[in-house]
Every structure is written in C-alpha cells, then in structure tokens.
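First up is the structure itself, then whatever we jot down about it.
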Amino acid sequence: MSNKSERLMAGEAVRIFRSLRPEEYIVEYTDKTHLSADSWRQLLRIELSAAPKGQAAFEETNPFYTLIAIIEENDKGKRAEELGTLNDALAQTLVRTGALRPVITAEGMCDIFQLTRRGAVVLVPDTNALSTGVLHWLLRIFSETQVWLLPVVVSLTQVQQRDVVLKGMVSTKTANPGNLRKAIRSRTMINASLGLLERCRERYQVLEVDPQLLRYVRPAGRASGDPDEGDVLEDRLFIEAIHDVFRATRSCTEKRVVTSDVLLARILHAEGIPTLFLQTPTLPEGPIPCLFYEPLAKTFLGAPLIYLLWDLAHSFGTVRLRDGTGREVLQLQTYWPGKTAIEWSQERLMVYYPLIESAEQQAGIQTLPAPAAGCYSTSALPEASFVQVLRLGGALLEGPGTLASLLTRIPEDVRPSKQVVRMAMELLLRAGFVQIDGEQLVATEELGLLDRALAVENFDEASGLWKRFPPYDALLSALKEKDGLNREALPTILEPVLGKLPSKEACERFLRVPVYLGQAWTDGELIRDGTVRPRDDVVVEHFSRLFEEKARDGLCPISNLLPELCRLLCISPWAVSRQIQHLVQEDRFPDLSFQTAAGKRITALDKVVMGGLAGIRTMPIPMDRIEIDGRPVFTVSRRSS
C-alpha cells in the first residue's frame, strides 16, 4: 500500500467510488482481536454493473450492484457458531443499510401500516433493536411520520459494558481466534447503536431508571459474548422504565416498544405493553440486489456501495475491496491511533486508495463522514425558517467556521437552537451557497452575490440565485402554471424533484421563500404567482381601469385595487407597490389623486426580507396602502376637473 497520503474532501471520496469499473469485486475484513496480522477473511462477492439506459443512478456511487455472501464458501472448516456470527453480522448490516428487510409477522405488518398513517409515533427500542438494524429500517418506513426515540439507560449501560469487553480483547498483543463471536457482536452493538443515536440526536431522549438499580446490570467481565442473551434483572429494569414513562405520558401519540427478543416480546404482550416484534432475517443464499421496492414506505429502498462498505467497516473493524485480479483498490478503517472525539461523533473512517491510477485521484488517507441524505439532515426537505437560513448565511460571510462557531456569531437575542441551525445549514448546502472544506464550512461566491442582491432589495436577482436549487425552481414553475397554489398540493409537486414526499411542515416553511423574495403572495387560502414585472404603461392602464370599475362617488380604497391588480398581472404586492409609487412620482396617473393620510396599524399576511445577510430583517407588505414619500395612501380619488 502506498505511503503517500493526502487529505481529501468527502466529495472527492465519492468520485473515487464512482470511478470503480463495472466488474466483480471481493469484500474482505481483518480484525486483530481474532485474526493474525495480514490475515483477511472474505465476506462478500459484489458485481458492479452500469446503470440501464434511461434509468437514474445512485448519486453517491456506482448505480447498481448485486452481492452474494461467500463466508461459508471460504470457511468450511470453521465452527458453525463462528459462521453463524459472521452471517448474522452481515445480515444486520444489510438491514441497516436498506438492502434487506426484517422478518415481520402479519400482525406486525398491519400495525406498521397503520402507524405510517399517523402524524407521530413514539418508539422505545430495546438494546438489540438499536443495533441489529430493525430500528434503522423502521425509521425509513416512518419517513413521513414524526418519530421520537426513547432508549432506556439500561441499553446504553450495556453498550458501555460491551466497549470494556472489546477494549480488553484489543489490548492483548496476540490475536485469539476464540474472540471472534464476542468481538464482532460487541463492535456491532457499540457502533451501530451509538451511531444511530448520534444521527437522531434531535429526536431522542434517554429513559432513566433509579441509579441504585443499575447495580443489577451485569459486570463487563461476566457478560455474555452474545448480546441477544438477555439478563432477567436487566430486562425487568427495561420493562419497569417503560411502564413508568407510559403511565406518566398523557398523550394520544401511538407508542411501541421495538424488540427482536422473542421472550421479551411475549412478556411485554403479557403485561399489556404495545410492541413491534421484528427479527433480523437469515442471510439469503443467492444474489441480493442493491435495490428493492418497499410497499410500506411506498418507495424503493437500497444500499449504495459507499453506505454498505461504511457499515461493514464499523462492524468488522477494517474492510477492503479487491478487484478481479486480486489487487486491493480500496480499504476502510474504523480505528486508528489519535482518532478524536469529533471524528467519532461524526462517524468518520480512514480510507485508503492504494491503486487509483489517476493523478487527480491519487490519495492516501481520507476521513469519510457517515453516509446520509445530507450532512446535517436526512429530511427530504429540511424544516428551516428562511430568515434563520439567511441569518446563518450572514454569519458565514464573516469567514469559514464550524457549525458551533457559526452559532456564536449570531446575536444571542436571535440565536436559534442547534437543531434549527443544522436544518438551516443543510438548506444552504443543498442550494449551493456553502461548501464543506474538511471540518470547516465555507461560503461560496453565490452567497456573496445573494448578500449584495438583498442589500439593495434586488429580490429578482436573489430569487434567480435560489432557482439553482431544484425544489425552489419547481415551486416557482408550479406557481406560474396554476391559478393559485393550494398549500396541500405542494408535497406532491416537490416529490418528483426530491425523490420522496417532504413533510407538511417543511413545505409550509418552504412555501414562504418566494413570498419573502417578492416572487409570490398570499391570497386567502392560496399562494399566487408574483414573478411578472409588467411595463409601466400596462400597470397604468390596468390600475386606471380597475379604479373606474370599483370606485364609488369617485373614491376607491387601495385594499380593493391591489389584490385585483396582483391577480390580473401576476405581480407581487411588493413589486406593484414599488412600481405604483414610482409612477405616482412621475405623475403617470393624471386623473387620479393619491393623498397621504395618518397611518394606522399594519395588518399584513406577507413579509419580505430586507438588508444584507448580516443584518437581515423582515418588513410587512400590507394590501391596504401604498407609501408615497414615506407616508401611507389608503384611498385613491378622482381629481376634480
């Protein structure tokens, strides 16, 4: 393996994955707890293939592949117990990454289907559910449902115990083949459980038990090597914690305990606790495709190659990919000296590319972040306030920084929560206003252009910059095509662009973006297009005609004119008010009088953003007035001859 090393961004690592040629590869692993130095054991045979013509590929890596387990084929002399451990670990990886579905009873399928139709659900996973993949699979199925996770502290204590066991095996100088079962299962429990909770940090809360009762948890030295082998006292602590929270929670939200333990599921049923019982499937003997249709999720689920290898590395320690000639083309390591707490929390791997021939792709070492739909949110569309998005962009214009450092740059009185910041940053990343450079977030040139456009109230230019974000472009197109867009229709409009259905809350927030940028306006229950910028003579003609139609005794309130003019010309109230102000100052309405009056309380449905990103603020756009020389005009009258 080449000693030359160069730190690359995650996007560069993705391009390395894309560069893999369509052919057959072998996946192997090594683990110094039970394998000698330079000893590798085969796990999978993977056949990469090019995408069929006309079909979309995975964005992250090569489009399609099939895999087949080759553990028994290469280890016929191994004990059945060891082979079973490797097969189980491999099956759990495939469930976690989406290539396999758990085994579910008919009653469980019906229950899950009904839960997918609910607005929210509370899931209480046992220790196994956190790591075996069944909870990972449920989160994909409930992608359109708000999910709250309530792990019990007993489970986290067991994870800590497994870490003590694993460190004890790693600290020994010689590998012990008898460690295979304990090492693989311990590593899977630790990394899969903590990784899932790290990615779901905004929506989980640990259920506590009386600290004095934790003395009944098994000491690490006496723990079983099999995480599936539960302890009666630990199970009792788990059940009592569930009883406590269910009694204390006064909510109509559906609650389910998630478990793969048959006996625990039976006990829970006997005690009247609603339970979802799912088990990891047996590893299929034949080829496994990387993509399959999941009717419960109403979409295709799959495991891009980069996701698959990432999870395998966290389960088996170190994995590598060899091509048909036996050459190593890729190696991923979970453990290395000096790995920092940040790298653990971000689930980074060390990635080696020893035989990539392109000078541009000559690598060495790459810390690869955990695969997800986004760096800070896996939502189809982040639920972010547009004002907070712009405010975060203003903080980034001060210079590169981490998410935590950017948060401190925002004034305390308007500083959002960490969850809001993550959602807002995800939107900036997807829209191309921000890039990631190692640990730092860096503003792109487009963010500076957006700042300058907003500073001079050039909303059309600002909107043009946002149009590079496909969901925003699709929203503007839908507004132009329809005579008023109902809010309820937006999720189905954005689904083809996003690949899955966004949440209603995300759509409600996103629908305000064109309004804030003066490209749309609220008309009762509808959002209407406001992107047209008609010529001055067209506005004069239609405004004068509407006045003649609606005036009574030579008077007409502005509130009777502006909405009709906006509907007729497909112009936003912000744009038409500015244009009429300009026309009045040029005396383009010789027959009409615009007399200013004392102001009254502003009641407006819509607002636009004002100022540069660093000092972003909002200004209401009322429909009952036009400002002339800084004073409001509420009524238009006919000039006397």
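So the sequence shown is numbered by the numbering used here: it starts at 1308 and just counts up by one. Backbone N, C-alpha and C define an ideal beta-carbon position, used for all residues, glycine too. Computed from a predicted model, the values in this text were never measured in an experiment.
- Within the DSSP secondary-structure output, Pro1596 pairs in a beta bridge with Thr1373.
- Per DSSP, Lys1562 is one residue of the beta strand (DSSP E) stretching across Glu1561 to Thr1566.
- Residue environment analysis places Val1471 among the exposed positions, since fewer than 16 neighbouring C-beta atoms fall within 10 angstroms of its C-beta.
- In its chain, beyond the 5 residues on either side, Leu1786, Pro1821, Ile1834, Arg1835, Asp1836, Gly1837 and Ser1879 have a beta carbon closer than 7 Å to the beta carbon of Ala1827.
- Look at Thr1423 here: in three-state DSSP terms it is helix.
- Under DSSP, Met1917 shares a beta bridge with Arg1924.
- A direct Cα-to-Cα measurement between Ser1686 and Asp1844 gives close to 46 Å.
- Short of 7 Å from the beta carbon of Arg1425, and not among the five residues preceding or following it, lie these beta carbons of its own chain, in chain order: Thr1452 and Glu1561.
- Its chain contains Ile1933 as the residues whose beta carbon lies nearer than 6 Å to that of Ile1887, once the 5 sequence neighbours on both sides are disregarded; these appear in chain order.
- For Gly1624, there is no enclosing alpha helix (DSSP H), as DSSP gives it neither H nor E.
- Nearest C-alpha to Asp1433 among Phe1545, Gly1391 and Ala1376: Phe1545.
- Bounds of the beta strand (DSSP E) holding Ala1827 are Ala1827 to Asp1830.
- In this structure Asn1435 is buried. Its beta-carbon is surrounded by 16 or more other beta-carbon atoms within 10 angstroms.
- Assignment of Glu1547 by DSSP, reduced to helix, strand and coil, places it in the helix class.
- If you check the CB distance, Gly1701 and Leu1862 do not come in under 8 Å.
- Per DSSP, the unbroken alpha helix (DSSP H) holding Val1847 starts and ends at Asp1843 to Lys1857.
- In the DSSP annotation of this structure, the continuous segment of the beta strand (DSSP E) that includes Asp1836 starts and ends at Leu1833 to Asp1836.
- Proximity to Glu1509 across Leu1899, Tyr1683 and Cys1559 peaks at Tyr1683, based on C-alpha coordinates.
- The beta carbons of Leu1637 and Arg1627 sit closer together than 8 Å.
- Per DSSP, the beta bridge partners of Leu1430 are Leu1456 and Arg1563.
- Restricted to the region 1387 to 1423, the alpha helix (DSSP H) segments that are unbroken, complete and at least 4 residues in length are 1387 to 1404 and 1413 to 1423, listed in chain order.
- Taking the Cβ atoms as the reference, Met1476 lies roughly 27 Å from Thr1589, outside the contact range of under 8 Å.
- Nearest Cα to Val1402 within the set Leu1615, Leu1912, Gly1739 and Gln1695: Leu1615.
- In this model, Arg1938 and Ser1944 are separated by some 17 Å (Cα to Cα).
- If you ignore the 5 residues before and after Ile1448, its C-beta comes within less than 8 Å of the C-beta of Ile1419, Thr1423, Glu1601, Leu1603 and Ala1604, all in its own chain and listed in chain order.
- Within a 10 Å sphere around the beta-carbon of Ile1411 sit 16 or more other beta-carbons, which makes this residue buried.
- Among the bridge pairs identified by DSSP, Phe1817 is matched with none.
- Gly1502: member of the alpha helix (DSSP H) spanning Leu1487 to Arg1506, first to last residue.
- For Ile1800, no beta strand (DSSP E) encloses it; the enclosing alpha helix (DSSP H) starts and ends at Leu1797 to Leu1805.
- Leaving aside the five residues that flank Cys1507 on each side, the residues in its chain whose CB is nearer than 7 Å to its CB run, in chain order, Leu1456.
- Rounded to the nearest whole angstrom, the C-alpha separation of Pro1864 and Gln1742 is 49 Å.
- Going by DSSP, Asp1345 is part of no beta strand (DSSP E) at all; its letter is neither H nor E.
- Rounded to the nearest angstrom, the gap between the Cα atoms of Ile1378 and Thr1587 is 18 Å.
- The C-alpha of Pro1809 lies about 29 Å from the C-alpha of Asn1498.
- In this structure Asn1486 is buried. Its beta-carbon is surrounded by 16 or more other beta-carbon atoms within 10 angstroms.
- Taking C-beta atoms under 8 Å as the contact rule, Ala1548 and Val1459 qualify, at a distance of about 5 Å.
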